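Visitor:
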Amino acid sequence: MPRMESPRAAGIESIGIAVPDAYVDLADLAAARGVEPAKYIAGLGVTRMAIPSVREDAVTLAARAGERALASGAIDPASIGLLIVGTETGVDHSKPVASFVQGLLGVSRSARVFETKHACYAATAALQMALDWVRSGSARGKKALVIGADVARYGLRTPGEPTQGAGAAALVVSDSPAILAVDAGLSGVASEDVLDFWRPLYSKDAFVDGHYSVSCYLAALEGAFVDYRRSAGADGSAAGFTDRFDAIVYHVPYGKMARKAHQHLRRCDGDADPDASFDRMVAPSLVYPSLVGNCYAASLYLAFASLLAHSERDLAGRSVALFSYGSGYCGELFSGTVAEGARERVRALAFDASLAARRRLPIAEYEELMRAREDQDRMPRSDDGEGIRLLGVEQHKRVYAR
Ligand code: HMG
């Protein structure tokens, strides 16, 4: 019998986050739509939503987050052997967002570069692929850069409007997991062909069967939990399985969804009082999402960064579960152990200060921006501005600058 070798350790070595520098305050939006502010703020659990300028898109957000993840871990772009961007708001039917990011960040020419799509699950699909690439030894000492980047956009005056947002989260994945060592072989998946949320090729706005999408999310969570428990070889009838986790991070389309998810998961796990563990296990992960809104593929990892930065307890050495949900649907529950010093590394990103420095958009300006973004794909070139940005579109080619 050949000897089975245990897989290499693999996980997240560093994180970078980028969001637009303007936001809509949900109290302003509620006033403009004639809705009680409490519906958006308490009812949905969102206080601000990030709104990108016409010079921002999934490419610029992904590149900015990627640049921060590399800088945060002092990682040379030449050491990246795999670059994947998970997005559902890509900018071209053929050329992947990841290729533009490769050019903007100077990632090695010998890197494998591509885009993944499955609604908000896209970055998790990429992360799992990168982890297996590292564990199998195919990485040969190189690292992967996995980025989730999206602009979450629904029509003006639709029920989805208060659940928009935009942002990117970049993860360097390697065999030196200085943030999270991801458990090998422990994962639960549930997937099904449904139409709860979709965006046809002709539309910039997503369409959604809102309340149905909530029930699909919960069905995926339950299925993924049962499958995860199976992967751990646990007895399905025993209660309290999730007590092994110090925190659970959920995909956050809006904060209330994470509360519903936690209630559902804990009830499935035999807990008659699921709210009792919410503040300890979930609340710190909702600080950033409540100030950014949904950013689809990036949302789970924005919530994970929030957990590390805002948890009063240092979670070093503790076990954390993450639940990724992508409409359509595919859900995955996986877990890992937080590394020593992870909290300090994430706090050093000073993301709270960046969020506080953003500009509050008047509603009229937000609505104008939404209209202007409709024509972004034909925007004439202008070299104004600074930093990583879309200069415009020339002869059907998007031109970016840093
Ligand atoms: P709605 O129907 O306008 O809102 O849209 P509602 O009537 O359901 O109210 C929302 C909550 O506010 C309710 O709480 C109300 O009780 C409460 P709940 O019963 O759910 O606990 N409320 C109030 N609370 C305090 N004071 C008040 C007040 N009034 C009402 N005065 C909906 C809600 C989420 C459906 C809508 O915003 C929507 O369609 N959003 C987009 C879809 C979405 O985010 N779905 C989530 C699951 S699917 C997912 O996560 C995937 C996704 O990220 C996409 C991807 O995978 O790419 C979306």
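Counting along the sequence shown from 1, when you hit position 39 you're at 39 in our numbering, and nothing is skipped either side. The beta-carbon is built from N, C-alpha and C at its ideal position, and this holds for glycine as well. Just so we're clear, the structure is a prediction, and the values are computed from it rather than from any experiment.
Would you tell me roughly how many angstroms separate the C-alpha atoms of Ser72 and Val97, rounded to the nearest one?
Guide: In the sequence shown, counting from the first residue as 1, residue 72 sits at position 72. In the sequence shown, counting from the first residue as 1, residue 97 sits at position 97. If you take the alpha carbons of Ser72 and Val97, they lie about 22 Å apart.
Visitor: Let me check you understand the geometry: is the CB of Ala119 closer than 7 Å to at least one non-hydrogen atom of the ligand HMG?
Guide: Looking up residue 119 in the sequence shown gives position 119. Within the cutoff, so yes.
Visitor: Confirm the yes/no value for this check: CB of Met257, any heavy atom of the ligand HMG, distance under 7 Å.
Guide: Counting from one through the sequence shown, the residue named residue 257 turns up at place 257. Checking the Cβ of Met257 against the ligand HMG gives yes.
Visitor: If you follow the beta strand (DSSP E) that Ile12 is part of, which residue opens it and which one closes it?
Guide: Position 12 of the sequence shown, counted from the first residue, corresponds to residue 12. Looking at the DSSP string, the run of the beta strand (DSSP E) that includes Ile12 is 11 to 18.
Visitor: Ignoring anything shorter than 3 residues or poking outside the region 20 to 102, list the beta strand (DSSP E) runs there in chain order.
Guide: 22 to 25, 48 to 50, 80 to 86
Visitor: Count the other CB atoms, across all protein chains shown, that sit within 10 Å of the CB of Asp150; report buried if there are 16 or more and exposed otherwise.
Guide: Here residue 150 refers to the residue found at position 150 when the sequence shown is read from its first residue. Buried, since its Cβ has 16 or more Cβ neighbours within 10 Å.
Visitor: With H, G and I counted as helix, E and B as strand and the rest as coil, what does DSSP make of Gly155?
Guide: The sequence position of residue 155 within the sequence shown is 155, counting from 1. In the structure shown, Gly155 sits in coil (DSSP, three-state: anything other than H, G, I, E or B).
Visitor: By DSSP's criteria, Leu195 is part of a beta bridge. Which residues make up the other side?
Guide: By 1-based counting over the sequence shown, the position of residue 195 is 195. The partner list for Leu195 (beta bridge, DSSP) is empty, contrary to what the question assumes.
Visitor: Excluding the five sequence neighbours on either side, which residues of its own chain have a C-beta within less than 7 Å of the C-beta of Ala130, listed in chain order?
Guide: Counting from 1 along the sequence shown, the entry for residue 130 is found at position 130. The answer, listed in chain order, is Leu82, Ile84, Ala144, Val146, Val173.
Visitor: Tell me the residue span of the alpha helix (DSSP H) that contains Val226.
Guide: Within the sequence shown, the letter at position 226 stands for residue 226. Looking at the DSSP string, the run of the alpha helix (DSSP H) that includes Val226 is 210 to 231.
Visitor: Between Leu315 and the ligand HMG, is the CB less than 7 Å from at least one heavy atom?
Guide: In the sequence shown, counting from the first residue as 1, residue 315 sits at position 315. Outside the cutoff, so no.
Visitor: Going by C-alpha to C-alpha distance, which of Lys260, Gln102, Ala238, Tyr301 sits closest to Pro77?
Guide: As a position in the sequence shown, residue 77 is number 77, starting the count at 1. Considering only alpha carbons, the answer is Gln102.
Visitor: Near Asp209, which residues of its chain fall below 8 Å by C-beta distance, leaving aside the five closest residues on each side in sequence?
Guide: Here residue 209 corresponds to residue number 209 of the sequence shown, with the count starting at 1. Leu195, Asp196, Phe197.
Visitor: Kindly indicate which residue of Val19, Tyr202, Ala50, Asp227 has the alpha-carbon position closest to the one of Leu186.
Guide: Here residue 186 is taken as the residue at index 186 of the sequence shown, counted from 1. Ranking Val19, Tyr202, Ala50, Asp227 by Cα distance to Leu186 puts Asp227 first.
Visitor: Is the number of C-beta pairs between the region 320 to 333 and the region 207 to 222 that are closer than 8 Å three or more?
Guide: yes
Visitor: Using the rule of at least 16 other Cβ atoms within 10 Å of the residue's Cβ for burial, across every protein chain shown, is Gln164 buried or exposed?
Guide: As a first step, residue 164 is located in the sequence shown; it is residue number 164 there, counting from the start. That one is buried.
Visitor: I'd like to know if the region 292 to 307 and the region 13 to 28 are in contact, where contact means that at least 3 CB-CB pairs between them fall below 8 Å.
Guide: yes
Visitor: Rounded to whole angstroms, what is the Cα-Cα separation between Glu56 and Asp183?
Guide: Counting from one through the sequence shown, the residue named residue 56 turns up at place 56. Counting from one through the sequence shown, the residue named residue 183 turns up at place 183. As the crow flies, the alpha-carbon of Glu56 is around 35 Å from that of Asp183.
Visitor: Please check the pair Gly11 and Gly336, which I expect to be a contact at CB under 8 Å, by giving their CB distance rounded to whole angstroms.
Guide: In the sequence shown, the residue the question calls residue 11 occupies position 11. In the sequence shown, the residue the question calls residue 336 occupies position 336. Indeed they touch by this definition, with Cβ atoms about 6 Å apart.
Visitor: Would you mind reading off the limits of the alpha helix (DSSP H) that contains Val393?
Guide: As a working mapping, residue 393 is identified with position 393 in the sequence shown. Annotation: Val393 is outside any alpha helix (DSSP H); the continuous beta strand (DSSP E) that includes it extends over 389 to 394.
Visitor: Is the closest heavy atom of the ligand MG to the C-beta of Ala38 under 7 Å?
Guide: The ligand MG is not part of the structure shown, which contains the ligand HMG as its ligands.
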